[in-house]
Amino acid sequence: MMSDAVEQRQPEGNALSIDQTLLEDLESRALDVSANLDNVLSHLQTQMFEFSRLTLESISVYKLTSDNLTGTLDDCTKRTLELITQCDELDKDFAPLYALAAQIPWTFCSKLCGR
Numbered sequence: 012m013m014s015d016a017v018e019q020r021q022p023e024g025n026a027l028s029i030d031q032t033l034l035e036d037l038e039s040r041a042l043d044v045s046a047n048l049d050n051v052l053s054h055l056q057t058q059m060f061e062f063s064r065l066t067l068e069s070i071s072v073y074k075l076t077s078d079n080l081t082g083t084l085d086d087c088t089k090r091t092l093e094l095i096t097q098c099d100e101l102d103k104d105f106a107p108l109y110a111l112a113a114q115i116p117w118t119f120c121s122k123l124c125g126r
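Just remember that the numbering used here sits 11 ahead of the position in the sequence shown, which is counted from 1.
So, in structure tokens, the structure goes:
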């Protein structure tokens, strides 16, 4: 207990006598706590550097993905416009066929189809 470790003597004024083993034990524990704190802070620093590195890497991946997606969407848009243009040209090319088809009587078509 605390009162066993600290001896009080009154003869020389109010001076206190401190148990040397208690002081050494306290110093030893303080050094242990200090070493543990250094280890924890070192580990925390390592983790913080790793988190920073991973954050930068994820930002890089996000940017690359975004750039690739933009390029792909641009390419798809261009190809879609090309397809629409080709369909319009085909429609113009088939215009005479539509006129010819309108001139064919349905009765003739029915005879050809066997109806």
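Cβ coordinates follow ideal geometry from the N, Cα and C atoms, glycine included.
Between the alpha carbons of L75 and T88 lies a gap of roughly 20 Å. Boundaries around I29 are those of the beta strand (DSSP E), L27 to I29, since no alpha helix (DSSP H) includes it. The DSSP-derived three-state label of F105 is coil.
Shown here, I95 sits in a helix according to DSSP, grouped into three states. L65 and A46 have their C-alpha atoms some 29 Å from each other. Looking at the backbone, the Cα of S53 and that of T81 are separated by about 42 Å. Distance from the CA atom of Q114 to the CA atom of N79, rounded to whole angstroms, is 52 Å. CA-to-CA, the gap between A112 and D85 works out to about 39 Å.
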